[in-house]
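Q:
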Amino acid sequence: MAEPGKHEIFKWLQNNYQGGYKFDMRVPGRYNNQAGMQRSMKIGPQTKIRVWEPAGGKIWEKGTGSYPEVEIPNGSITQALDNAFKFSIDIRFRHTVAGKPEDNFDLTIKPLQFENTVVPSGGDYVGVQIPQLNPPDSLIVSQISVREKPWPHQIVANGSVYFKYNPSTEDITFEKTEGFPTNMDIVKDDIWGFTITLKSVA
Numbered sequence: 287m288a289e290p291g292k293h294e295i296f297k298w299l300q301n302n303y304q305g306g307y308k309f310d311m312r313v314p315g316r317y318n319n320q321a322g323m324q325r326s327m328k329i330g331p332q333t334k335i336r337v338w339e340p341a342g343g344k345i346w347e348k349g350t351g352s353y354p355e356v357e358i359p360n361g362s363i364t365q366a367l368d369n370a371f372k373f374s375i376d377i378r379f380r381h382t383v384a385g386k387p388e389d390n391f392d393l394t395i396k397p398l399q400f401e402n403t404v405v406p407s408g409g410d411y412v413g414v415q416i417p418q419l420n421p422p423d424s425l426i427v428s429q430i431s432v433r434e435k436p437w438p439h440q441i442v443a444n445g446s447v448y449f450k451y452n453p454s455t456e457d458i459t460f461e462k463t464e465g466f467p468t469n470m471d472i473v474k475d476d477i478w479g480f481t482i483t484l485k486s487v488a
């Protein structure tokens with residue numbers, strides 16, 4: 287049986303890695319489990335999984351290893367993280383600009399002094415990984431910018447947004463700043479997920 291590599295997670299619908307289809311996650315991925323109860327998994331090196339069970343509000347995580355008996359209920363949100371990080375802000379990017387293809391833009395997010403994360407428009411959630419903060423509920427000041435993918439790669443939005451992690455509930459919230467681009471919007475989808483929308487290029 288194949289073993290997961292670094293930053294990779296395999297999950298199955300039955301105990302002991304059975305059940306036919308193998309679900310594959312990669313860092314910094316997110317998966318909304320709609321396949322039914324997942325009952326076993328293998329987590330590769332330098333990797334951990336975080337799970338939120340909406341039905342009961344339960345949050346848990348597991349690190350590198352093999353888990354022949356585990357329960358990830360249907361409807362759970364799962365995140366694949368590098369071990370160096372504490373949590374992830376899941377960002378999905380959309381646009382409503384007339385006449386432009388769904389994947390026409392790239393959103394770049396730079397939280398605090400950490401690395402840039404690029405989120406293509408029209409795609410799935412991308413995890414913006416955040417390490418342990420001190421204090422743990424520090425405001426996460428994030429620079430955001432949007433550019434067109436086609437040449438000349440014009441920047442069409444630029445500004446900032448704040449995120450905040452609650453260490454007791456592990457919920458993440460946002461706050462629009464004065465610098466939030468007027469041609470963009472952001473909504474909270476669930477405990478860790480957000481959708482950012484580019485409304486126009488004017």
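In the numbering used here, each residue's number is its place in the sequence shown (first place is 1) plus 286.
Cβ atoms here follow ideal geometry from the backbone N, Cα and C, with glycine treated the same way.
#1: Considering only the beta carbon of each residue, do GLY413 and ARG316 sit closer than 7 Å?
#2: Terminal residues of the continuous beta strand (DSSP E) containing ILE363?
#3: Going by DSSP, what residues sit across from VAL427 in a beta bridge?
#4: Please classify ASP389 as buried or exposed, where buried requires at least 16 neighbouring CB atoms within 10 angstroms.
#5: Between the region 351-370 and the region 320-339, are three or more C-beta pairs nearer than 8 Å?
#6: With ILE426 and TYR448 assumed to form a contact (beta carbons below 8 Å), what rounded beta-carbon distance in angstroms separates them?
#7: By the three-class DSSP mapping on this structure, what secondary structure does TYR303 have?
#8: Who are the Cβ neighbours of PRO436 in its own chain at under 8 Å, not counting the five residues just before and after it?
#9: Is DSSP giving GLN418 helix, strand or coil here?
#10: For PHE373, does the three-state DSSP call read helix, strand or coil?
#11: Under the three-state reduction of DSSP, which class applies to ARG380: helix, strand or coil?
#12: Here's the rule: buried if 16 or more other CB atoms are within 10 angstroms of the residue's CB, otherwise exposed. What is MET311?
#13: Does the beta-carbon of PRO461 have 16 or more other beta-carbons within 10 angstroms, so that it is buried, or is it exposed?
#14: Nearest by alpha-carbon distance to LEU484: which of VAL432, ILE377, TYR307, ILE395 is it?
#15: On the three-state DSSP scale, how would you describe ARG336?
#16: Excluding the 5 residues preceding and the 5 following GLU357 in the sequence, name in chain order all residues of the same chain whose CB lies nearer than 8 Å to its CB.
#17: Report the CB separation of VAL405 from ILE377 in whole angstroms; it is logged as a contact under 8 Å.
#18: Does DSSP put ALA326 in a helix, a strand or coil?
#19: Here's a check: name, in chain order, each residue in its chain whose Cβ is nearer than 7 Å to the Cβ of TYR411, leaving out the five neighbours to either side.
#20: Between the Cα of THR350 and the Cα atoms of LYS344, GLY343, ASP368, which residue gives the shortest distance?
A: Taking the definition as stated:
#1: In contact: GLY413 and ARG316 (Cβ atoms closer than 7 Å).
#2: Under the DSSP assignment, ILE363 falls in the beta strand (DSSP E) whose first and last residues are 363-368.
#3: Beta-bridge annotation (DSSP): VAL427 is paired with TYR448.
#4: By the 10 Å Cβ count, ASP389 comes out exposed.
#5: Judged by Cβ distances under 8 Å, the region 351-370 makes contact with the region 320-339, as three or more pairs qualify.
#6: Distance from ILE426 to TYR448 at the Cβ level is roughly 7 Å; contact confirmed, criterion being Cβ atoms closer than 8 Å.
#7: It is helical.
#8: So the list reads ASN390, once near-sequence residues are dropped.
#9: Reduced to three states, the DSSP call for GLN418 is coil.
#10: Look at PHE373 here: in three-state DSSP terms it is strand.
#11: The answer is strand: DSSP assigns ARG380 an E or B state.
#12: Burial check for MET311: the Cβ neighbour count within 10 Å reaches 16 or more, so the residue is buried.
#13: For the sequence presented, residue 461 should be read as Glu rather than Pro. Counting Cβ neighbours within 10 Å, GLU461 comes out exposed, since fewer than 16 surround it.
#14: Per the C-alpha coordinates, the member of VAL432, ILE377, TYR307, ILE395 positioned closest to LEU484 is VAL432.
#15: Three-state DSSP puts ARG336 in a strand.
#16: For GLU357, where only same-chain residues beyond five positions count, the Cβ hits under 8 Å are MET323, GLN324, ARG325.
#17: Correct: roughly 5 Å between the Cβ atoms.
#18: It is Ser, not Ala, that sits at residue 326 in the sequence shown. SER326 falls in the strand class under three-state DSSP.
#19: So the list reads ARG316, ASP376, ILE377, ARG378, GLY479, once near-sequence residues are dropped.
#20: Taking THR350 as reference, the option from LYS344, GLY343, ASP368 with the minimal CA-CA separation is ASP368.
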